[in-house]
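Written below as structure tokens is the structure these notes are about.
Numbering (full-length UniProt numbering), first residue to last: 1 to 232.
Take a look at the structure:
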């Protein structure tokens, strides 16, 4: 298998179908090893696949059932994030006490913690949904930092529904309204990925400037303050 297929939303959809889509959404938000999966572009292309005009163009025998996607995708995204939060709460900082490797980088965790502390728990849980890599690592970080499970669940539901159904409906209506939209699936997916990583690029540049000025970013720790180890 060509490793570039792993980043292709169209390949995942044609190869694994509806069950594959839901599994990938769960894995990307609940399992640390799923951070590289193409969540944003997958949802948009899946929404297009629910349009009869596009389904055959992407290699589907029949269109995806849109109601199933609109219910199943947020359920899987919410369940995955809750699992990530649970793992972070149980394992604590030792979950991330590992050296950098090809897949795992300490900077991923630091970035998730940065958003958690900059925007506060509620906004961070919602906003992280739209930022690749951060949406995978923020959930266990929230658990590690003691965000209460019930509180996390409320904002997890808000972010999960906005992210999944928003992108699914966007893809569906684009597929129905734009003539020959199948020609633009790959370029469109690339644009979505680029737009998604812009916030990360901006923060990386800011951190590099800060480091150059003698203010490097702090390592991942359990901070003291109002978010430290909240109890249910």
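Built from N, CA and C at the ideal position, the CB exists for glycine as well.
Please read all numbers here as calculations on a predicted model, not as lab measurements.
Contact annotation: the stretch 84 to 100 touches the stretch 134 to 145, with at least three C-beta pairs closer than 8 Å. Here the alpha carbons of residue 175 and residue 97 stand approximately 44 Å from one another. In this model, residue 157 and residue 112 are separated by some 19 Å (Cα to Cα). Taking 8 Å as the upper bound for CB-CB distance, residue 85 and residue 149 are in contact here, some 7 Å apart. Each of 155, 50, 124 was checked against the Cα of residue 78, and the nearest Cα belongs to 155. Going by beta carbons, residue 72 and residue 31 fall outside the 8 Å limit.
In terms of Cβ geometry, residue 46 and residue 13 form a close pair [threshold 8 Å]. Pairing residue 147 with residue 39, the inter-Cα distance amounts to about 25 Å. Contact annotation: residue 116 and residue 127 have beta-carbon atoms that are not nearer than 8 Å. Taking C-beta atoms as the reference points, residue 139 and residue 29 count as a pair closer than 8 Å. Distance from the Cα of residue 81 is smallest, within the candidate group 63, 135, 171, 166, for 135. Under the three-state reduction of DSSP output, residue 51 falls in the coil class, being neither helix nor strand.
Beyond the five residues adjoining it in sequence on each side, residue 168 comes within less than 8 Å, by CB distance, of 43, 44, 46, 47, 50, 66, 69, 70, 73 in the same chain, given in chain order.
Judged by DSSP secondary structure, residue 94 falls outside any alpha helix (DSSP H); it is assigned neither H nor E.
A distance below 7 Å between beta-carbons, with the five flanking residues on each side excluded, links residue 161 to the following residues of its chain, in chain order: 74.
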